[in-house]
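Asker: Next up is a structure, given as structure tokens.
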Amino acid sequence: MIRVLYFAVLRDAIGHAEDQVECPEGGTTLGAVREALVARGEPWASAFANLKRIRGAVNQEMADDDEPVKDGDEVAFFPPVTGG
18 MIRVLYFAVL RDAIGHAEDQ VECPEGGTTL GAVREALVAR GEPWASAFAN
68 LKRIRGAVNQ EMADDDEPVK DGDEVAFFPP VTGG
């Protein structure tokens, strides 16, 4: 299983902070995990569609959609962070 964490407005839109996603044999990618979540329908589809740019991380390291993800990994999704 892949542990999926949501932060900030993404967590609010989905309604909870964590999910589990089945990992295909041989692994997957960060982008494929995102697509699997959207395929679940609501509230994931709206949550990911309504945000212009959602950042992702694998095992607490920023990652692009083509980053490999394997069974037991932790994936996190969050909106862009700004500060001052």
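Residue numbering for the sequence shown follows our numbering, starting at 18 and increasing by one per position.
Even for Gly, the Cβ is constructed at its ideal location relative to N, Cα and C.
Bear in mind the structure is a predicted one, so any value in this text is a computation, not a measurement.
1. What is the DSSP secondary structure of Val92, counted as helix, strand or coil?
2. Pick out whichever of Arg70, Asp88, Pro41, Phe65 has its Cα sitting closest to the Cα of Asn76.
3. Would you tell me roughly how many angstroms separate the C-alpha atoms of Val50 and Val38, rounded to the nearest one?
4. Check for me: the beta strand (DSSP E) holding Ala64 runs from which residue to which?
5. For Val92 versus Val98, is the C-beta spacing smaller than 8 Å?
6. Determine the direct distance from the alpha carbon of Asp36 to that of Gly48, and round the result to whole angstroms.
Answerer: Reading off the structure:
1. As a first step, residue 92 is located in the sequence shown; it is residue number 75 there, counting from the start. In this structure, DSSP gives Val92 an extended state, which the three-state scheme calls strand.
2. Here the question's residue 76 lines up with position 59 in the sequence shown. Out of Arg70, Asp88, Pro41, Phe65, Asp88 has the C-alpha closest to the C-alpha of Asn76.
3. Mapped onto the sequence shown, residue 50 falls at position 33. Mapped onto the sequence shown, residue 38 falls at position 21. C-alpha separation (whole angstroms): 8 Å.
4. In the sequence shown, counting from the first residue as 1, residue 64 sits at position 47. Note, Ala64: premise wrong, no beta strand (DSSP E); alpha helix (DSSP H) at 61 to 66.
5. Translated into the one-based positions of the sequence shown, residue 92 becomes position 75. Translated into the one-based positions of the sequence shown, residue 98 becomes position 81. It is not a contact, given that the beta carbons lie outside the stated cut-off.
6. If you number the sequence shown from 1, residue 48 lands on position 31. If you number the sequence shown from 1, residue 36 lands on position 19. Whole-angstrom Cα-Cα distance: 16 Å.
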